[in-house]
Ligand SMILES: *Cc1c(COP(=O)(O)O)cnc(C)c1O
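In the working numbering, the protein residues as written are 89 to 465.
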């Protein structure tokens with residue numbers, strides 16, 4: 089057996105093992121792991137330092153997951169946007185392909201809580217159907233492999249999928265969304281890197297939520313992918329009690345850059361049933377972006393987005409006070425130190441007509457962006 093499969097098999101999946109390693113009463117979690125499975129890899133287990141800490145909260149089942157009655161199972165309405173099984177085509181030029189339901193760990197806040205942990209992966213016939221759909225849709229130039237976690241597939245299946253995708257002439261980018269490097273770094277083998285290298289351009293967005301996740305082994309795994317020529321981004325979910333703090337978030341973003349990973353998205357938590365105890369206010373995320381922008385490397389600042397409930401896709405949010413006013417004379421700007429600056433418009437203004445059609449931002453806006461009073465508390 090591959091070494092990584094052996095390590096994965098040593099993960100905690102049963103309440104009685106959880107009791108043994110973390111002193112949790114198995115009765116408290118038994119009813120939760122039925123509908124919402126648990127897996128905690130050795131790497132993650134050894135990163136937990138105390139009961140209820142930032143790593144614990146992400147992976148140890150909690151009875152409150154069962155108390156969420158009204159929330160939807162599929163708030164992003166991914167099932168509605170699915171033309172063939174396992175494929176979500178929501179944006180004009182890119183599509184998401186869910187290739188497995190398995191993950192190295194089962195995040196308690198998962199948006200796809202309704203799906204993950206169920207056995208099985210994309211079957212051959214389903215892959216053929218997805219490839220046929222993509223081939224008939226020349227507008228799709230970017231495919232994101234997701235799941236579950238695509239890097240939990242064995243090498244031969246990863247290679248089969250990449251090879252099939254690369255038969256589509258109009259497909260430019262292939263991306264992976266994965267939490268494997270941060271939770272099962274043993275999976276990033278030289279053999280896997282060799283396979284991936286054959287199908288460039290391949291990008292990977294790695295899921296990280298807390299600076300403690302970047303252990304030396306995890307950083308080394310990221311380095312192996314970077315050495316294989318894979319540009320690495322990070323996706324982070326804003327989570328109450330885990331990373332809803334500007335100092336923690338700054339440390340995370342700086343650690344990611346040290347691991348050669350560029351922060352890409354910071355997500356406001358979705359409304360998914362069984363995860364609502366993790367949600368923060370929207371202002372929390374805006375405060376964090378404000379604490380990063382200008383105060384540390386611009387490379388360390390992710391886009392803060394809300395994936396709109398009802399299938400509207402990702403919508404970016406910026407703290408409201410950078411553009412105080414914009415008119416034909418110029419822009420009134422505020423920097424990270426709260427100092428105000430004026431940038432004059434060019435003269436004449438070739439696109440002034442178009443600009444004036446935009447809703448005004450800043451001081452002249454009637455109830456617009458500046459009404460977010462909570463930012464000033
Ligand atoms: C996030 C997402 C994408 C990719 O969005 P980018 O902004 O290009 O990273 C594509 N499809 C779906 C359904 C998504 O949720």
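From the three backbone atoms N, C-alpha and C, an ideal C-beta is built for every residue, glycine too.
With a threshold of 6 Å on Cβ separation, who are the neighbours of residue 205 within its own chain once the five nearest residues in sequence on each side are excluded? Locating residue 205 in the chain shown gives position 117, where the first residue counts as 1. Taken in chain order, the residues that qualify are 125, 194.
Determine the extent of the beta strand (DSSP E) in which residue 428 is found, giving its start and end residues. For the purposes of this step, residue 428 is taken as residue 340 along the chain shown, with counting starting at 1. Run containing residue 428: 428-432, per the beta strand (DSSP E) assignment.
Are the segment 185-201 and the segment 360-370 touching by the rule of at least three beta carbon pairs closer than 8 Å? yes
Does the beta-carbon of residue 400 have 16 or more other beta-carbons within 10 angstroms, so that it is buried, or is it exposed? In the chain shown, counting from the first residue as 1, residue 400 sits at position 312. The residue in question, residue 400, is exposed, as its Cβ has fewer than 16 Cβ neighbours within 10 Å.
Sorted by chain position, which residues of the same chain lie with C-beta nearer than 6 Å to residue 173's C-beta, five sequence neighbours on each side aside? Residue numbering aside, residue 173 sits at position 85 when the chain shown is read from its first letter. Contacts found: 214.
Along the chain, where does the alpha helix (DSSP H) containing residue 103 start, and where does it finish? In the chain shown, residue 103 corresponds to position 15, counting from 1. That run of the alpha helix (DSSP H) goes 103-110.
For residue 331 and residue 142, believed in contact at Cβ under 8 Å, the rounded distance: As a first step, residue 142 must be located in the chain shown, where it is residue number 54. As a first step, residue 331 must be located in the chain shown, where it is residue number 243. About 7 Å separates the two Cβ atoms, so the contact holds.
Under three-state DSSP, which class holds residue 398? Looking up residue 398 in the chain shown gives position 310. Here residue 398 sits in coil by DSSP.
Which whole-angstrom value is the C-beta distance of residue 240 and residue 299, which I expect to be below 8 Å? As a first step, residue 240 must be located in the chain shown, where it is residue number 152. As a first step, residue 299 must be located in the chain shown, where it is residue number 211. Not confirmed; about 24 Å, so no contact.
Tell me the rounded alpha-carbon separation between residue 131 and residue 137. Residue numbering aside, residue 131 sits at position 43 when the chain shown is read from its first letter. Residue numbering aside, residue 137 sits at position 49 when the chain shown is read from its first letter. Their backbone Cα atoms lie some 12 Å apart in a straight line.
Evaluate contact between the segment 366-382 and the segment 167-183, counting only Cβ atoms and requiring at least three cross-stretch pairs below 8 Å. no
Proximity winner among 344, 278, 209, relative to residue 304 (alpha-carbon distances): Stepping through the chain shown from its first residue, residue 304 is reached at position 216. Checking every option, the nearest Cα to that of residue 304 belongs to 344.
Under the assumption that residue 326 contacts residue 350 (Cβ atoms under 8 Å), give the Cβ distance between them as a whole number of angstroms. Here residue 326 refers to the residue found at position 238 of the chain shown. Here residue 350 refers to the residue found at position 262 of the chain shown. Actually they are not in contact, since the Cβ atoms of residue 326 and residue 350 sit about 18 Å apart, beyond 8 Å.
Is there contact here, the segment 108-122 with the segment 280-289, by at least three beta-carbon pairs under 8 Å? no
Any heavy atom of ligand 1 closer than 8 Å to the CB of residue 183? The count along the chain shown starts at 1 and reaches residue 183 at position 95. Answer for residue 183: yes, Cβ within range of ligand 1.
Considering only the beta carbon of each residue, do residue 236 and residue 306 sit closer than 9 Å? Position 148 of the chain shown, counting from 1, holds the residue named residue 236. Position 218 of the chain shown, counting from 1, holds the residue named residue 306. Cβ distance not < 9 Å, so residue 236 and residue 306 don't count as in contact.
Between which two residues does the alpha helix (DSSP H) carrying residue 142 extend? Position 54 of the chain shown holds residue 142. 142-147 is the span of the alpha helix (DSSP H), which, as asked, contains residue 142.
Comparing C-alpha positions only, which one of 355, 417, 397, 385 sits nearest to residue 404? The residue labelled residue 404 in the question sits at position 316 within the chain shown. Ranking 355, 417, 397, 385 by Cα distance to residue 404 puts 355 first.
Identify the continuous beta strand (DSSP E) that holds residue 178 and give its terminal residues. In the chain shown, counting from the first residue as 1, residue 178 sits at position 90. Unbroken beta strand (DSSP E) run through residue 178: 175-179.
Assess contact between the segment 380-393 and the segment 209-226, defined as three or more Cβ pairs (one per stretch) separated by less than 8 Å. Is contact present? no
Across which residues does DSSP place residue 264 in a beta bridge pair? Start at 1 with the first residue of the chain shown, and residue 264 comes out as number 176. Paired residue(s): 233, 292.
Using only alpha-carbon positions, find the residue among 104, 177, 123 that is nearest to residue 151. Position 63 of the chain shown holds residue 151. It is 123 whose Cα lies nearest to the Cα of residue 151.
For a test of your reading of the model: does the CB of residue 176 fall under 8 Å from any non-hydrogen atom of ligand 1? Yes or no. In the chain shown, residue 176 corresponds to position 88, counting from 1. Answer for residue 176: yes, Cβ within range of ligand 1.
Just the C-alpha distance for residue 176 and residue 145, rounded to the nearest angstrom, thanks. Within the chain shown, residue 176 is the residue found at index 88, counting from 1. Within the chain shown, residue 145 is the residue found at index 57, counting from 1. In a straight line, the C-alpha of residue 176 is about 29 Å away from that of residue 145.
Classify residue 265 as buried or exposed, calling it buried when 16 or more other Cβ atoms lie within 10 Å of its own Cβ. The residue given as residue 265 occupies position 177 in the chain shown. Its Cβ being crowded by 16 or more others within 10 Å, residue 265 is buried.
Using 9 Å as the limit for Cβ to Cβ distance, is residue 220 near chain C? The chain labelled as chain C is not found in the depicted structure, where only one protein chain is given.
Using a Cβ-Cβ cut-off of 6 Å (strictly less than) and excluding sequence neighbours within five positions of residue 182, which residues of its own chain qualify? Position 94 of the chain shown, counting from 1, holds the residue named residue 182. Result list for residue 182: 230, in chain order.
Could you give the residue range of the alpha helix (DSSP H) that holds residue 244? Counting from 1 along the chain shown, the entry for residue 244 is found at position 156. Start and end: 243-253.
From residue 451 to residue 426, what does the alpha carbon distance come to, in whole angstroms? Here residue 451 refers to the residue found at position 363 when the chain shown is read from its first residue. Here residue 426 refers to the residue found at position 338 when the chain shown is read from its first residue. Legend: pLDDT at residue 451 = 43, less than 50; position of this residue unreliable, value from coordinates given subsequently. Answer to the nearest angstrom: the Cα atoms are 15 Å apart.
Cβ-Cβ distance between residue 272 and residue 95 below 9 Å: In the chain shown, residue 272 corresponds to position 184, counting from 1. In the chain shown, residue 95 corresponds to position 7, counting from 1. In contact: residue 272 and residue 95 (Cβ atoms closer than 9 Å).
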